[in-house]
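**Q**
Protein chains in written order, with our numbering: chain A, 14 to 326; chain B, 14 to 326.
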C-alpha cells in the first residue's frame, strides 16, 4: 500500500513541489528555481534531485510512494509527449519517461492549466463536480477541461487552450499567436490593459492613466464607478461570456471555475461574465454554475497529486 | 456469453432499428412509424413490441441479447434522463428505464447526434480514431463529440449542440432558439437557403431563383462556378470553419466528420470548411483530419449497438 505522492508544477521561473498523503492532504510544499540555461536540460535532473532529497530528509520508504504528477507549461498529450515548452526551452520530449528513469518512480504529466483544473476539481472550487471548465485569467488566458473526472488532453495536447478561442470577427491587432481576435486579446490582464489603453487614446474621460496601467487598476476603477473602466469590464465580460457559451455547447460542464490574477478582482468579474454567458448561452445550458478558484498557485501541485492518485484508484 | 444487440434510432417520423451481432455486424434492419399521438406515449411500447416480435421471429435466446442502445432526438444525460423531446411530444422521462422495464433487457440511450457520432467512430469514417467531433449538416446543424471512445453527454445532456454555437456578432435575424448568430443560421440547409435568398434579394446575378431554392441547388450552382452560389459557399464555410477552430481549442479532436444531407455535396463543402478552419485554428491544432461520414442514416443504429457493446467491453 502506498502512503505518499508528489505533485510538481513546472513554471518558467520556479518549480513548485508538494508532498501529499495518499488521501490528498498537502503535508509540505517547497519550490526550486527553474534552470532555463542550455535549453532547460537540467530541469528534470533538478526535480529528481529535490524529490530524492525530500525522500531522504523525511526517511520515506520508496515502496510507499505512489508516484509523481507533474504540470508542464506547454501542450502535453495523454501519452506524455510534450511538443514544445517555449518557456522552458524544451523541444519534443517525453518528460514523464525521463523523470521516471531519473527517479525510479511512476510519473504522469499534463499541461499546467489542465492539471490546475484537476486540482481545483479535487480539492478546490470544483469539489463535488465531475465536469468543469477552468479558466485561468493571468498575463494570458489558460484553460483546462475536465470531463467525468478526467483531463481532456486533446490529440495535439491542446485541449482547453481557451485563450485562443476565435472571439471576434473584426479585430485589427494580431494576437501573440498570429491570429486576430483571440479571447486572450480581451480577457487576459494584458488584454484588459490593451482595451483600456484604446479607450484612453480616444480621449475617454477616466481616473485611469495609460502609463503603468494594470488590469487591477482597471477593475478597481470599475468598482468605483469609473465609466471608462466599466466599459472595459463590459467588453471583457462580453468576450469571455460568449466564449464560455460556446464552450457550453461543446462540452456542457457543470461549472466554470475562474482562477489567475484577474479573477482576484472577485465577483465584479464573474458577475459581468455570467451576465453575458446567460445572454449568449443556448437555453438548455443556461444557469451553469460560476465559481472562483480556491487553491491559488497551489492548484498545480494538487492536480499533480491527483494525476497519480486518480490513475491508481 | 451474449450474441446479439439491438440498435434503435428514434426520429420524428420513423424509428429505425437494427439487429447486430456482438461483433458489430448489422444482421438486419427495419423501421416502424413514430406514433406521436397523445404526446408520444406509445413510442416506447411500439419499440418494445417490435423488438419482441423480432426476437420471436428469429427464435433468439433472450439470455444471448446484450441489450438495446437507443438514440433520441433531444438532450439526454449520461444517467438516461431526457429533458424534453419536442419532436416526440415527450417531457422529462427516463426512456432507458422505461424501455428496460418493458423489454426486460439492458437499455442505454443518448442524444441521436451523439449516438450517430459513436456509430461513425466505430464502423464509419471515424474507424481508427478515439476522439472526434461529428457535425451533421441537415435541416439544422447537429453535433456529437466523442473523447477516448466515449460520448460527451454534458451535464444538461447538451454536449455537442454545435448548431447553437454563437457564430456571429452582427446577426439581425433570430435563430429558432431565440438567440442571434447561431451556427445553424449559416451552416444548415435552411441557413444556406437563407444566405442565398439574402443575396438574391439584393439583386445579385445568379442562375439560382429564390422560389423553391434548396441547399443542393446552391452547391450545384457553386460547382458550376456561379458567383453568387460561390459567395454563399464561402460564407457557409467561414462560419463553420471558425466554429470548428473553436471546437478544436476546447477538445482538440483527431478528426472532424461531416454527415447529413448538406455534406452530400461532398468535397466542395469539406474543402471550403477546411480552408477557413486552417485560417482560424490555433497553430497547434492545424491539420486536424476532415472526413465525410460513411454510414448515412444507419449511423444511429450502429451507434446504438456500440452504446451497449461499449459498456460491456
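Even for Gly, the Cβ is constructed at its ideal location relative to N, Cα and C.
1) Can you name, in chain order, every residue of its own chain whose Cβ lies under 6 Å from the Cβ of residue 127 of chain A, other than the five neighbours on each side?
2) Is residue 313 of chain B helix, strand or coil when you go by DSSP?
3) According to DSSP, is residue 209 of chain B helix, strand or coil?
4) If you drop the 5 nearest sequence neighbours on each side, which residues of the same chain put their C-beta closer than 6 Å to that of residue 100 of chain A?
5) For the alpha helix (DSSP H) containing residue 149 of chain A, list its first residue and its last residue.
6) What whole-angstrom Cβ distance do residue 194 of chain B and residue 180 of chain B have, given they're in contact under 8 Å?
7) Run down chain B in chain order and give the residues with a C-beta less than 8 Å from the C-beta of residue 99 of chain A.
8) Tell me, to the nearest whole angstrom, how far the beta carbon of residue 253 of chain A is from that of residue 196 of chain A; I am working on the premise that it is less than 8 Å.
9) Show which residues of chain B have a CB atom less than 7 Å away from the CB atom of residue 168 of chain A.
10) Kindly confirm or deny that the segment 283-295 of chain B and the segment 308-319 of chain B touch, where touching means at least three C-beta pairs closer than 8 Å.
11) The segment 271-297 of chain A: which residues have C-beta closer than 7 Å to a C-beta of chain B, in chain order?
12) Step through the CB atoms of chain B and report whether any lies within less than 7 Å of the CB of residue 174 of chain A.
13) Three-state secondary structure (DSSP) at residue 41 of chain A?
14) For residue 153 of chain B, which residues from the same chain have a beta carbon less than 6 Å from its beta carbon, with the 5 sequence-adjacent residues on both sides left out?
15) Output yes if chain A places a C-beta closer than 7 Å to the C-beta of residue 157 of chain B; else output no.
16) Compute the beta-carbon to beta-carbon distance between residue 37 of chain B and residue 320 of chain B, rounded to the nearest angstrom, for a pair I have assumed lies under 8 Å.
17) Quick check: the Cα distance between residue 309 of chain A and residue 272 of chain A, rounded to an integer number of angstroms?
18) Quick check on the DSSP output: the alpha helix (DSSP H) that includes residue 307 of chain A runs from which residue to which?
19) Could you name each continuous beta strand (DSSP E) segment of 3 residues or more that falls completely within the segment 72-155 of chain B, going from the start of the chain to the end?
20) Any beta carbon of chain A sitting closer than 7 Å to that of residue 262 of chain B?
21) If I'm right that residue 296 of chain B touches residue 265 of chain A with Cβ under 8 Å, what's the distance once you round it to whole angstroms?
22) Check the Cβ of residue 331 of chain A against every Cβ in chain B and list those closer than 7 Å, keeping chain order.
23) Between residue 178 of chain B and residue 208 of chain B, how many whole angstroms is the CB-CB distance? I'm expecting something under 8 Å.
24) Excluding sequence positions up to five away, which residues of its chain have a Cβ less than 8 Å from the Cβ of residue 68 of chain B?
25) For residue 30 of chain A, which of helix, strand or coil comes out of DSSP?
26) Looking only at its chain, what residues have a beta carbon closer than 6 Å to the beta carbon of residue 325 of chain A, apart from the 5 residues adjacent to it on each side?
27) List the residues of chain A whose Cβ lies closer than 8 Å to the Cβ of residue 88 of chain B, in chain order.
28) Taking residue 199 of chain B as the reference, give the member of B:225, B:159, B:162 and B:247 with the closest Cα.
29) Name the chain B residues that come within less than 9 Å of residue 95 of chain A, Cβ to Cβ?
30) On the DSSP bridge assignment, give the partners of residue 195 of chain A in chain order.
31) In chain A, which residues lie with their C-beta within 7 Å of the C-beta of residue 165 of chain B?
32) Run through DSSP, which three-state label would residue 298 of chain A get?
33) Taking 7 Å as the CB-CB limit, is residue 182 of chain B close to chain A?
34) Look at the alpha carbon of residue 19 of chain B and the alpha carbon of residue 64 of chain A, and state the distance between them as a whole number of angstroms.
35) Within its chain, find whatever has a CB closer than 6 Å to the CB of residue 223 of chain A; leave out the 5 residues flanking it on each side and keep chain order.
**A** Checking against the coordinates, here is how it stands:
1) Within the first chain, residue 127 of chain A is the residue found at index 114, counting from 1. Hits under 6 Å: 157, 164 and 173.
2) Indexing the second chain from 1 puts residue 313 of chain B at position 300. Helix.
3) Working through the second chain from its first residue, we reach residue 209 of chain B at position 196. Residue 209 of chain B falls in the helix class under three-state DSSP.
4) Stepping through the first chain from its first residue, residue 100 of chain A is reached at position 87. Same-chain partners within the cutoff: 25 and 86.
5) In the first chain, counting from the first residue as 1, residue 149 of chain A sits at position 136. From DSSP, residue 149 of chain A is part of no alpha helix (DSSP H) but of the beta strand (DSSP E) over 145-150.
6) Indexing the second chain from 1 puts residue 194 of chain B at position 181. Indexing the second chain from 1 puts residue 180 of chain B at position 167. Yes, they are in contact, since the Cβ atoms of residue 194 of chain B and residue 180 of chain B sit about 5 Å apart, within 8 Å.
7) For the purposes of this step, residue 99 of chain A is taken as residue 86 along the first chain, with counting starting at 1. Under the 8 Å cutoff, chain B gives no residues; its nearest Cβ is about 12 Å from residue 99 of chain A.
8) What you label residue 253 of chain A is simply residue 240 of the first chain in a count that begins at 1. What you label residue 196 of chain A is simply residue 183 of the first chain in a count that begins at 1. With a Cβ gap of about 7 Å, residue 253 of chain A and residue 196 of chain A count as contacting.
9) Reading the first chain from its first residue, position 155 is the one you call residue 168 of chain A. Against residue 168 of chain A, the close residues of chain B are 144, 265, 266 and 267, in the order they occur along the chain (beta-carbon pairs closer than 7 Å).
10) Flag = no, the segment 283-295 of chain B and the segment 308-319 of chain B do not touch.
11) Interface annotation for the segment 271-297 of chain A against chain B: 293, 295, 296 and 297, criterion Cβ-Cβ distance under 7 Å.
12) In the first chain, residue 174 of chain A corresponds to position 161, counting from 1. Yes, contact with chain B.
13) In the first chain, the residue the question calls residue 41 of chain A occupies position 28. Residue state, collapsed to three classes: strand.
14) On the second chain, position 140 is the one that residue 153 of chain B refers to. Excluding residues within five positions, the ones whose Cβ falls inside 6 Å are 176, 197 and 201.
15) As a position in the second chain, residue 157 of chain B is number 144, starting the count at 1. With 7 Å as the cut-off, residue 157 of chain B does not count as an interface residue toward chain A.
16) As a working mapping, residue 37 of chain B is identified with position 24 in the second chain. As a working mapping, residue 320 of chain B is identified with position 307 in the second chain. The beta-carbon distance between residue 37 of chain B and residue 320 of chain B, rounded to whole angstroms, is 12 Å. This is too long to meet the 8 Å contact definition.
17) By 1-based counting over the first chain, the position of residue 309 of chain A is 296. By 1-based counting over the first chain, the position of residue 272 of chain A is 259. Just so you know, the alpha carbons of residue 309 of chain A and residue 272 of chain A end up roughly 7 Å apart.
18) As a working note, residue 307 of chain A is residue 294 in the first chain. No alpha helix (DSSP H) holds residue 307 of chain A; DSSP gives it neither H nor E.
19) Within the segment 72-155 of chain B, the complete beta strand (DSSP E) runs of at least 3 residues are 78-85, 120-124 and 145-150.
20) Within the second chain, residue 262 of chain B is the residue found at index 249, counting from 1. Contact with chain A is found for residue 262 of chain B, since one of that chain's Cβ atoms lies less than 7 Å from the residue's Cβ.
21) Looking up residue 296 of chain B in the second chain gives position 283. Looking up residue 265 of chain A in the first chain gives position 252. Not confirmed; about 27 Å, so no contact.
22) With chain A covering 14 to 326 only, the question about residue 331 of chain A has no answer from this structure.
23) To locate residue 178 of chain B, count along the second chain from 1; it is residue 165. To locate residue 208 of chain B, count along the second chain from 1; it is residue 195. Not really, about 16 Å apart at Cβ, beyond 8 Å.
24) Taking the second chain and counting its residues from 1, one reaches residue 68 of chain B at position 55. Setting aside the 5 residues that flank it on each side, residue 68 of chain B is surrounded in the same chain by 75 and 78, each with a C-beta closer than 8 Å to its C-beta; the list follows chain order.
25) Looking up residue 30 of chain A in the first chain gives position 17. In the displayed model, residue 30 of chain A falls within a strand according to three-state DSSP.
26) For the purposes of this step, residue 325 of chain A is taken as the residue at position 312 of the first chain. The pLDDT assigned to residue 325 of chain A is 45, lower than 50, so where the model puts this residue is not dependable, and the model offers no usable value.
27) Translated into the one-based positions of the second chain, residue 88 of chain B becomes position 75. Under the 8 Å cutoff, chain A gives 297.
28) Residue numbering aside, residue 199 of chain B sits at position 186 when the second chain is read from its first letter. Comparing alpha-carbon positions, the option among B:225, B:159, B:162 and B:247 lying closest to residue 199 of chain B turns out to be B:247.
29) As a first step, residue 95 of chain A is located in the first chain; it is residue number 82 there, counting from the start. Residues of chain B passing the Cβ test: none, with the nearest at roughly 12 Å.
30) The residue you call residue 195 of chain A lines up with position 182 of the first chain. Answer is A:179.
31) Taking the second chain and counting its residues from 1, one reaches residue 165 of chain B at position 152. Close partners of residue 165 of chain B in chain A (Cβ separation under 7 Å): 160 and 264.
32) Here residue 298 of chain A refers to the residue found at position 285 when the first chain is read from its first residue. Reduced to three states, the DSSP call for residue 298 of chain A is helix.
33) Counting from 1 along the second chain, the entry for residue 182 of chain B is found at position 169. At least one chain A Cβ lies under 7 Å of residue 182 of chain B.
34) For the purposes of this step, residue 19 of chain B is taken as the residue at position 6 of the second chain. For the purposes of this step, residue 64 of chain A is taken as the residue at position 51 of the first chain. Taking the straight line joining both Cα atoms gives about 54 Å.
35) As a position in the first chain, residue 223 of chain A is number 210, starting the count at 1. Close CB contacts of residue 223 of chain A within its chain, under the 6 Å cut and outside five residues either way in sequence, are with 210 and 213 (chain order).
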